[in-house]
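Engineer: Which chain is which? The protein sequence lines are P and H, in order. For the first sequence, this note's numbering begins at 780 and goes up steadily by one. For the second sequence, this note's numbering begins at 1194 and goes up steadily by one. Note that the Cβ used here is the ideal one computed from N, Cα and C, for glycine as well. Next up is a structure, given as structure tokens.
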Amino acid sequence: MSNIHMPVYLLVVLLGTALVIPLMAKMTNRIVNIFLTYAIMIAAILSVFTLVNVLLNGAFTYHFGLWHPSYGIEFVVDEFSAAMTVLVTVMSALVIIYSFKDVEHELEGHVIPGYYTLIFLMLFSMVGMTLTNDLFNMYVFMEILSLTSCGIVSIKRKRENLMASLKYLMLGAIGSISILLGIAFLYMVTGSLNMTISYDLIQNAWSIYPRNILVALGFILTGFGIKAAVFPLHTWLPDAHSTAPTPSSALLSGLVVKIYIFGAIKILFRVIGINIISEVGIPLFITYFAIIGMIMGSVFAIGQKDIKRILAYSSVAQIGYIILGIGLATESGLSVSLFHVVTHALMKSALFLSAGAVIYQTGKRNVNELNGIGYQMPVTMTVFSVGALGMIGIPGINGFMSKWYLSFAVLEAGRPLILLVILLSSFLNAIYYLPIIINAFLRESKDRENILERDQVPKSMLIPMGIIAGLCILFGFFPQLIMGVIERAVLTFFNI
Amino acid sequence: MNLNAAFIYQNINYVGSSFLFVIGLYTVLTHPNLIKKIIGINIMETSVFLFFVSIGFIQGGQAPILNLEGKPVLYVNPLPSALILTGIVVAVSITVYALSMIVKIYEAYGTIELDEIMKLRSEEANE
């Protein structure tokens, strides 16, 4: 049942769906939705099969057109890329099923086919960027990703969306230009765009051309820092993620930002190598930004009124956790950062989707108006509470497990002071998440009595939300389900 | 490294591209006019393209066309030029998208000066 071409079929399914959707504009929404469900399900199944194949039979490489990797494009399908592809496709399958009803409510009818085209192109580029082992190919996928995500932000045609999208586009363009310049500096040294070949050459070239490699690292890390919204470069994120249509906010916040982090991890560990980056002191440098981000992201979130802006600022803080794991530059540090990628994708999607359901039913975005909403929408607010408590780090939800692993990784790396930062950041999370839950369940709303009633939200929105919340709790109790795969994935970065 | 005139002359494309990069970045960061910002991004992109193409260039090298006469010929590296062709397409699409967005912003706000837009937005927020 497994086939070496499966990762490519996966890309073809996503790209083909994106191209077919505009042709289906005349058909009814129902047919289009069924088609999209099948397409994303097929993609998810293909990625799961790829992962199973890799876990059973080991990693393999795929050469396009059978060109030798030093000229052609190479895909590396190993534990890391296969597992992260599964994350991308499964999460997006849930979010896309959720989005059918929500998008009808939120967008004008004639832009909906365009919206799904952009979503599928975005998925295509995310999967491609995870799989590729070629620097320039990664740049091309990254550009597709940034253009489509800007398109998704601007699809609502409101004034705020246009400005947010333009800001995102400008900063994204500066980021990708600096990444391209960094790739050019690396290419000057190595003469090859393949990551594996570059790695071998750079180990030898480090003593001869240290300046080139340093400058390249600087440009590439700055570029990925802008795109992944590492703290001082995060200014585009709150605007873009809070104004985008809600289902795509979940995708943008849960997945797109992580893909750029994968790019940075690949450059740091697969192209430059752990020895050189530790010699230069880059991990320590990254840790400082991570710590500032973990605290300042939460501090900014406390001051916000709009529920989606709170979630967006919270993403900035959570990216700090992921970057901190990378900054430890140990096996346990990197595995905790990948674990938190999965955890945060689940929790942030649960939060964004439940916030979207609240906006869908009541139209309220201001947190102060959400008093007593827990009686009106019990299921939705339960999902929200699961996500929020996970962000704070209550045991039993996967967010706790990633903090737990992160604390162990920090102690193992010999930096116990960072534990205080993790604690402080958790308290700050509690400051802005707990009031929402308390207001929702324990306060009375002004205009109605507190009588428990069923959510007035369509089932196609409730079920994906429920599944995501269920996964959050499942991985809270059985973190080994993902940690087992991730520990194998991390080894691919250290034993080259 | 000795920075004499001959060294700079030999590496004039690298020097030029770094100047262009800085000019572009300065334009993006300081000009309030959105179209000028897009021009700045274009200048930055062009500088990176110049840089990338310069890497493949060899003094006295020829275009890499199959040589049937059998004489050994020095070729320039064609790969950077081919890559930059893709890069130019990407740059064009970003520019087009940004310009179309600026048209929409002009329709929405009536101006393309960033400081005036910010003033309008803060007035909206304070109401």
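Three or more beta-carbon pairs under 8 Å between the segment 1045-1053 of chain P and the segment 967-984 of chain P, yes or no?
Structural biologist: Taking a contact to require three or more Cβ pairs closer than 8 Å, the segment 1045-1053 of chain P and the segment 967-984 of chain P qualify as touching.
Engineer: Report the CB separation of residue 948(P) from residue 1290(H) in whole angstroms; it is logged as a contact under 8 Å.
Structural biologist: For the purposes of this step, residue 948(P) is identified with residue 169 of the first sequence, where counting begins at 1. For the purposes of this step, residue 1290(H) is identified with residue 97 of the second sequence, where counting begins at 1. Confirmed, Cβ separation roughly 7 Å.
Engineer: Chain P partners of residue 1315(H), CB-CB under 7 Å?
Structural biologist: One-based indexing of the second sequence puts residue 1315(H) at position 122. Result: empty, since nearest Cβ-Cβ is about 12 Å, beyond 7 Å.
Engineer: Examine chain P for any beta-carbon lying closer than 9 Å to the beta-carbon of residue 1309(H), and answer yes or no.
Structural biologist: For the purposes of this step, residue 1309(H) is taken as residue 116 along the second sequence, with counting starting at 1. No, residue 1309(H) does not count as interfacial toward chain P.
Engineer: Of all the CB atoms in chain H, is at least one closer than 9 Å to the CB of residue 933(P)?
Structural biologist: Numbered from 1 along the first sequence, position 154 holds the residue referred to as residue 933(P). Yes, its Cβ sits closer than 9 Å to a Cβ of chain H.
Engineer: Output yes if chain H places a C-beta closer than 9 Å to the C-beta of residue 963(P); else output no.
Structural biologist: Sequence index remark: in the first sequence, residue 963(P) carries index 184 (1-based). Yes - at least one Cβ of chain H is within 9 Å of the one on residue 963(P).
Engineer: So if I threshold CB-CB distances at 8 Å, which residues from the segment 1293-1307 of chain H count as touching chain P?
Structural biologist: 1294, 1295, 1297, 1298, 1301 and 1302
Engineer: Within the 9 Å Cβ cut-off, does residue 1215(H) reach chain P?
Structural biologist: Taking the second sequence and counting its residues from 1, one reaches residue 1215(H) at position 22. No, no contact with chain P.
Engineer: Which complete alpha helix (DSSP H) runs does the segment 849-893 of chain P hold, if anything under 4 residues is left out?
Structural biologist: 858-885
Engineer: Excluding the 5 residues preceding and the 5 following residue 880(P) in the sequence, name in chain order all residues of the same chain whose CB lies nearer than 7 Å to its CB.
Structural biologist: Within the first sequence, the letter at position 101 stands for residue 880(P). Here the set comprises 1237, 1239 and 1240.
Engineer: Report the partner residues of residue 1226(H) according to the DSSP bridge assignment.
Structural biologist: Within the second sequence, numbered from 1, the residue matching residue 1226(H) stands at position 33. Its beta-bridge partners are 1306(H).
Engineer: Output the boundary residues of the beta strand (DSSP E) element that contains residue 840(P).
Structural biologist: On the first sequence, residue 840(P) is found 61 positions in, with the first residue counted as 1. In this chain, the beta strand (DSSP E) harbouring residue 840(P) covers 839-842.
Engineer: Sorted by chain position, which residues of the same chain lie with C-beta nearer than 6 Å to residue 1198(H)'s C-beta, five sequence neighbours on each side aside?
Structural biologist: Here residue 1198(H) refers to the residue found at position 5 of the second sequence. Answer for residue 1198(H): no residue qualifies.
Engineer: Whose C-beta lies closer than 6 Å to the C-beta of residue 864(P) among residues of the same chain, with five residues either side of it excluded?
Structural biologist: Sequence index remark: in the first sequence, residue 864(P) carries index 85 (1-based). For residue 864(P), where only same-chain residues beyond five positions count, the Cβ hits under 6 Å are 826, 906 and 909.
Engineer: Within the present structure, is the beta-carbon of residue 1250(H) separated from the nearest heavy atom of the ligand NAP by less than 8 Å?
Structural biologist: Here there are no bound small molecules, and the ligand NAP is not part of this structure.
Engineer: Assign residue 966(P) to buried or exposed, taking buried as 16 or more other Cβ atoms, counted over all protein chains shown, within 10 Å of its Cβ.
Structural biologist: Reading the first sequence from its first residue, position 187 is the one you call residue 966(P). Buried is the call here.
Engineer: So with CB distances below 7 Å, who are the chain H contacts of residue 938(P)?
Structural biologist: Your numbering for residue 938(P) matches position 159 in the first sequence. Those within 7 Å of residue 938(P) in chain H are 1301 and 1302.
Engineer: With DSSP collapsed to three states, give me the class of residue 1252(H).
Structural biologist: Mapped onto the second sequence, residue 1252(H) falls at position 59. Coil, per DSSP.
Engineer: Quick one: residues in its chain with C-beta nearer than 8 Å to the C-beta of residue 1255(H), no 5 flanking neighbours on either side, listed in chain order?
Structural biologist: Mapped onto the second sequence, residue 1255(H) falls at position 62. These residues qualify, in order along the chain: 1266, 1267, 1268 and 1269.
Engineer: The alpha helix (DSSP H) that contains residue 1131(P), what's its start and end?
Structural biologist: If you number the first sequence from 1, residue 1131(P) lands on position 352. Element bounds for residue 1131(P): 1110-1141.
Engineer: Would you say residue 798(P) lies against chain H (beta-carbon separation less than 9 Å)?
Structural biologist: Position 19 of the first sequence, counting from 1, holds the residue named residue 798(P). Not one chain H Cβ lies under 9 Å of residue 798(P).
Engineer: Exposed or buried, residue 1308(H), counting other C-beta atoms within 10 Å across all chains shown (16 or more means buried)?
Structural biologist: For the purposes of this step, residue 1308(H) is taken as the residue at position 115 of the second sequence. Per the 10 Å Cβ criterion, exposed.
Engineer: Check distances from the C-beta atoms of the segment 944-961 of chain P to those of chain H and list, in chain order, the residues that come in under 7 Å.
Structural biologist: So the close ones are 944, 945, 948, 949, 952, 953, 956, 959 and 960.
Engineer: Please check the pair residue 1079(P) and residue 1092(P), which I expect to be a contact at CB under 8 Å, by giving their CB distance rounded to whole angstroms.
Structural biologist: Position 300 of the first sequence, counted from the start, is the residue given in the question as residue 1079(P). Position 313 of the first sequence, counted from the start, is the residue given in the question as residue 1092(P). Residue 1079(P) to residue 1092(P), Cβ: 5 Å. Contact.
Engineer: Which residue or residues does DSSP assign as beta-bridge partners of residue 895(P)?
Structural biologist: Here the question's residue 895(P) lines up with position 116 in the first sequence. In the DSSP assignment, residue 895(P) forms no beta bridge with any residue.
Engineer: Please confirm whether residue 1095(P) and residue 1008(P) have their CB atoms less than 9 Å apart.
Structural biologist: Translated into positions along the first sequence, residue 1095(P) becomes position 316. Translated into positions along the first sequence, residue 1008(P) becomes position 229. For residue 1095(P) and residue 1008(P), yes; Cβs fall inside 9 Å.
Engineer: Could you tell me the distance, in whole angstroms, from the CA atom of residue 1264(H) to the CA atom of residue 1271(H)?
Structural biologist: Translated into the one-based positions of the second sequence, residue 1264(H) becomes position 71. Translated into the one-based positions of the second sequence, residue 1271(H) becomes position 78. In a straight line, the C-alpha of residue 1264(H) is about 19 Å away from that of residue 1271(H).
Engineer: Write down every uninterrupted run of the alpha helix (DSSP H) in the segment 1237-1273 of chain P whose length is 4 residues or greater and which is fully enclosed by it, in chain order.
Structural biologist: 1238-1256 and 1259-1273
Engineer: Which of the three DSSP states, helix, strand or coil, is assigned to residue 1145(P)?
Structural biologist: Here residue 1145(P) is taken as the residue at index 366 of the first sequence, counted from 1. Three-state DSSP puts residue 1145(P) in a strand.
Engineer: Which residue wins for smallest C-alpha separation from residue 990(P), given the options 968(P), 896(P) and 884(P)?
Structural biologist: Stepping through the first sequence from its first residue, residue 990(P) is reached at position 211. Checking every option, the nearest Cα to that of residue 990(P) belongs to 968(P).
Engineer: Is the segment 1287-1304 of chain H touching the segment 935-954 of chain P in the sense that three or more CB pairs, one from each, lie closer than 8 Å?
Structural biologist: Contact between the segment 935-954 of chain P and the segment 1287-1304 of chain H is present: three or more C-beta pairs spanning the two stretches fall below 8 Å.
Engineer: What is the rounded straight-line gap between the Cα of residue 1277(H) and the Cα of residue 999(P)?
Structural biologist: As a first step, residue 1277(H) is located in the second sequence; it is residue number 84 there, counting from the start. As a first step, residue 999(P) is located in the first sequence; it is residue number 220 there, counting from the start. Those two C-alpha atoms are separated by around 18 Å.
Engineer: At a Cβ cut of 9 Å, what residues of the segment 904-924 of chain P count as close to chain H, listed as they run along the chain?
Structural biologist: 915, 918, 919, 922 and 923
Engineer: State whether the segment 1168-1178 of chain P contacts the segment 1136-1155 of chain P, with contact taken as three or more CB pairs (one from each stretch) at a distance under 8 Å.
Structural biologist: no
Engineer: With a threshold of 16 other CB atoms inside 10 Å of the CB of residue 1252(H), please say whether the residue is buried or exposed.
Structural biologist: As a first step, residue 1252(H) is located in the second sequence; it is residue number 59 there, counting from the start. Under this definition residue 1252(H) is an exposed residue.
Engineer: So that I know if they touch, is there some Cβ in chain H lying closer than 9 Å to that of residue 806(P)?
Structural biologist: Within the first sequence, numbered from 1, the residue matching residue 806(P) stands at position 27. With 9 Å as the cut-off, residue 806(P) does not count as an interface residue toward chain H.
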